[in-house]
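Colleague: The structure's right below; bear with me while I get my questions together.
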Ligand SMILES: [Zn+2]
């Protein structure tokens with residue numbers, strides 16, 4: 374089996390949800406769609422179900438369900454070219470020519486609306502990845518925007534982490550306030566990931582991780598997904614380039630080892646101009662070439678491009 378290329382985060386489902394085209398047929402202004410993933414050699418894409426802020430307070434579950442349904446409509450439309458990844462055996466199909474695996478993720482526990490049963494229901498619908506918060510407070514924990522509260526996991530949040538581990542859902546701390554990250558690292562028994570966060574040491578943004586947090590994630594066997602969000606890459610007013618992305622990968626690999634870093638682009642959710650040289654999903658080859666230029670071996674590059682995410686998914690997903 375070829376080591377698959379896996380991207381741990383994109384926000385592209387809002388295009389088909391909002392009637393702005395089909396990801397299977399291709400959406401010109403989308404950074405991720407099926408033709409672009411195929412051209413970029415991406416074998417699996419995590420599709421975030423992000424609930425817009427007004428719906429986070431009310432109607433979050435319904436909004437997330439609409440995104441889940443949108444994903445399966447795209448799967449049906451693709452006639453096998455886009456397939457849902459829900460089990461370890463599905464992972465074995467990744468890397469096959471011309472097919473892309475889609476992994477459903479909830480970005481924020483808002484959609485659970487405070488009930489543990491809703492997590493079970495979303496699991497039955499194929500959700501295999503959960504970010505505990507977006508930037509604000511929810512029933513599970515506080516997001517980075519309310520860090521001053523020093524709030525960590527609530528008892529419900531703790532139950533959510535345990536239930537994820539029992540069912541087979543990846544636990545994601547991107548967007549979580551520092552106290553929550555610490556709590557998840559204490560409570561979790563399996564790997565903990567940060568799907569789309571960079572190194573605070575290189576770019577001092579609240580959404581990035583401190584060295585201590587990165588070490589904590591690595592100690593669980595987890596992975597940090599380096600993201601292309603301009604503000605999380607550099608404060609340089611010129612804007613980021615591919616080199617800034619490589620800097621964050623190299624830094625995290627140097628800190629905790631190459632086996633704990635991956636990619637989590639956040640394409641279609643960047644909130645700004647993408648890094649120069651990484652305009653959309655067709656450009657993944659540039660990361661590979663850049664890493665080779667910086668002296669990473671072919672095995673190390675394969676691990677960073679997707680092998681590390683594959684290891685986590687193999688440990689977490691159900692049979
Ligand atoms: Zn996000």
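Residue numbers (my numbering): 374 to 692. Every residue gets a Cβ at the ideal spot worked out from N, C-alpha and C, and that includes glycine.
(1) Which runs of the alpha helix (DSSP H), 4 residues or longer, sit entirely within the stretch 412 to 485?
(2) Leaving out five residues on either side along the sequence, give the residues of the same chain with a beta carbon under 8 Å from the beta carbon of residue 425.
(3) Taking buried to mean at least 16 other C-beta atoms within 10 Å of its own C-beta, is residue 488 buried or exposed?
(4) Helix, strand or coil for residue 640 per DSSP?
(5) Tell me, which residues are paired with residue 383 by DSSP?
(6) Do residue 468 and residue 377 count as a contact pair if the criterion is CB distance below 9 Å?
(7) Closer than 8 Å is the cut-off here; do at least three beta carbon pairs connect the stretch 634 to 650 with the stretch 592 to 605?
(8) Could you give the DSSP three-state label for residue 602: helix, strand or coil?
(9) Please specify which runs of the alpha helix (DSSP H), each continuous and at least 4 residues long, are wholly inside the stretch 603 to 672, giving them in chain order.
(10) Ligand 3 heavy atoms versus the CB of residue 474: any closer than 8 Å?
(11) Using 9 Å as the threshold, is the C-beta distance between residue 597 and residue 590 below it?
(12) Compare the C-alpha of residue 560 against each of 400, 551, 530 and 582 and name the closest.
(13) With distance defined between alpha-carbon atoms, name the residue in 416, 492 and 430 nearest to residue 456.
(14) Quick one, which of 526, 393, 411 and 534 has its alpha-carbon nearest residue 474's?
(15) If you measure from the CB of residue 547, is any heavy atom of ligand 1 nearer than 8 Å?
(16) Quick one, which of 393, 564 and 677 has its alpha-carbon nearest residue 630's?
(17) Per the contact definition of three or more C-beta pairs closer than 8 Å, is the stretch 445 to 460 in contact with the stretch 502 to 522?
(18) Whole angstroms is fine: what's the gap from residue 581's alpha carbon to residue 626's?
(19) Rounded to the nearest angstrom, what separates residue 393 and residue 432 at their Cα positions?
(20) So, does the stretch 458 to 472 touch the stretch 511 to 522, judging by three or more C-beta pairs under 8 Å?
(21) Along the chain, where does the alpha helix (DSSP H) that runs through residue 595 open and close?
(22) Opposite residue 410 in the DSSP bridges: which residues?
(23) Beta strand (DSSP E) containing residue 493: first to last residue?
(24) Identify which residue in 464, 479, 668 and 675 has its Cα closest to the Cα of residue 429.
(25) Note down, in chain order, each residue of its chain lying with its Cβ closer than 6 Å to the Cβ of residue 379, except the 5 sequence neighbours on either side.
(26) Ignore the nearest five residues each way along the sequence and tell me which others in residue 685's own chain have a CB closer than 8 Å to its CB.
(27) Throw me the rounded Cβ distance for the residue 651 and residue 689 pair, which I believe falls under 8 Å.
(28) Is any heavy atom of ligand 1 found at a distance shorter than 8 Å from the C-beta of residue 421?
(29) What separation, rounded to the nearest whole angstrom, lies between the Cα atoms of residue 636 and residue 481?
(30) For the stretch 501 to 562, which segments carrying the alpha helix (DSSP H) assignment without a break, of at least 4 residues, lie completely within its bounds, in sequence order?
(31) Quick check on the DSSP output: the alpha helix (DSSP H) that includes residue 684 runs from which residue to which?
(32) So, helix, strand or coil for residue 390, using DSSP?
(33) Would you decide whether residue 610 is buried or exposed? Buried here means 16 or more other CB atoms lie within 10 Å of its CB.
(34) Please tell me whether, using a cut-off of 8 Å, the distance from the CB of residue 384 to the nearest non-hydrogen atom of ligand 1 is below it.
Modeller: The short version:
(1) Qualifying alpha helix (DSSP H) stretches, in chain order: 426 to 430, 433 to 451 and 461 to 464.
(2) Taking the first residue of the chain shown as position 1, residue 425 is located at position 52. The residues are 436.
(3) What you label residue 488 is simply residue 115 of the chain shown in a count that begins at 1. Classification for residue 488: exposed.
(4) The sequence position of residue 640 within the chain shown is 267, counting from 1. Strand at residue 640.
(5) Taking the chain shown and counting its residues from 1, one reaches residue 383 at position 10. Its beta-bridge partners are 420 and 640.
(6) For this step, residue 377 is matched to residue 4 along the chain shown. For this step, residue 468 is matched to residue 95 along the chain shown. For residue 377 and residue 468, yes; Cβs fall inside 9 Å.
(7) Result yes; three or more Cβ-Cβ pairs closer than 8 Å.
(8) Numbered from its first residue, the chain shown carries residue 602 at position 229. Looking at residue 602 - three-state DSSP - the assignment turns out to be coil, as it is neither helix nor strand.
(9) 603 to 606, 615 to 629 and 657 to 666
(10) For ligand 3, the structure offers nothing, since it holds only ligand 1.
(11) For the purposes of this step, residue 597 is taken as residue 224 along the chain shown, with counting starting at 1. For the purposes of this step, residue 590 is taken as residue 217 along the chain shown, with counting starting at 1. Yes, the Cβ-Cβ distance between residue 597 and residue 590 is below 9 Å.
(12) To locate residue 560, count along the chain shown from 1; it is residue 187. The residue with the shortest Cα to Cα distance from residue 560 is 530.
(13) Taking the first residue of the chain shown as 1, we reach residue 456 at position 83. Nearest option by C-alpha distance: 416.
(14) Taking the first residue of the chain shown as 1, we reach residue 474 at position 101. Among 526, 393, 411 and 534, the Cα nearest to that of residue 474 is on 411.
(15) As a first step, residue 547 must be located in the chain shown, where it is residue number 174. True, at least one ligand heavy atom lies under 8 Å from that Cβ.
(16) Sequence index remark: in the chain shown, residue 630 carries index 257 (1-based). Nearest option by C-alpha distance: 677.
(17) no
(18) The sequence position of residue 581 within the chain shown is 208, counting from 1. The sequence position of residue 626 within the chain shown is 253, counting from 1. Spanning the two alpha carbons is a distance of roughly 15 Å.
(19) Here residue 393 is taken as the residue at index 20 of the chain shown, counted from 1. Here residue 432 is taken as the residue at index 59 of the chain shown, counted from 1. Taking the straight line joining both Cα atoms gives about 22 Å.
(20) no
(21) If you number the chain shown from 1, residue 595 lands on position 222. Taken as a continuous stretch (DSSP letters only), residue 595 belongs to no alpha helix (DSSP H), as it is neither H nor E.
(22) Within the chain shown, the letter at position 37 stands for residue 410. The partner list for residue 410 (beta bridge, DSSP) is empty, contrary to what the question assumes.
(23) Here residue 493 refers to the residue found at position 120 of the chain shown. No beta strand (DSSP E) holds residue 493; the alpha helix (DSSP H) holding it covers 489 to 497.
(24) Translated into positions along the chain shown, residue 429 becomes position 56. When only C-alpha atoms are compared, the closest one is 479.
(25) Here residue 379 refers to the residue found at position 6 when the chain shown is read from its first residue. Closer than 6 Å at the Cβ level, and outside the excluded window around residue 379, lie 417, 679 and 682.
(26) The count along the chain shown starts at 1 and reaches residue 685 at position 312. Cβ neighbours of residue 685 beyond the five flanking positions: 543, 564, 566, 594, 595 and 596.
(27) If you number the chain shown from 1, residue 651 lands on position 278. If you number the chain shown from 1, residue 689 lands on position 316. At roughly 28 Å, the Cβ-Cβ gap does not stay under 8 Å, so residue 651 and residue 689 are not in contact.
(28) Taking the first residue of the chain shown as position 1, residue 421 is located at position 48. At least one heavy atom of ligand 1 is nearer than 8 Å to the Cβ of residue 421, so yes.
(29) Counting from 1 along the chain shown, the entry for residue 636 is found at position 263. Counting from 1 along the chain shown, the entry for residue 481 is found at position 108. Cα-Cα distance, rounded: 20 Å.
(30) Runs found: 528 to 540 and 551 to 560.
(31) As a working note, residue 684 is residue 311 in the chain shown. Start and end: 681 to 689.
(32) Locating residue 390 in the chain shown gives position 17, counting from the first residue. It is helical.
(33) Counted from its first residue, the chain shown places residue 610 at position 237. It counts as exposed.
(34) Indexing the chain shown from 1 puts residue 384 at position 11. Relative to ligand 1, the beta carbon of residue 384 is positioned inside 8 Å of a heavy atom.
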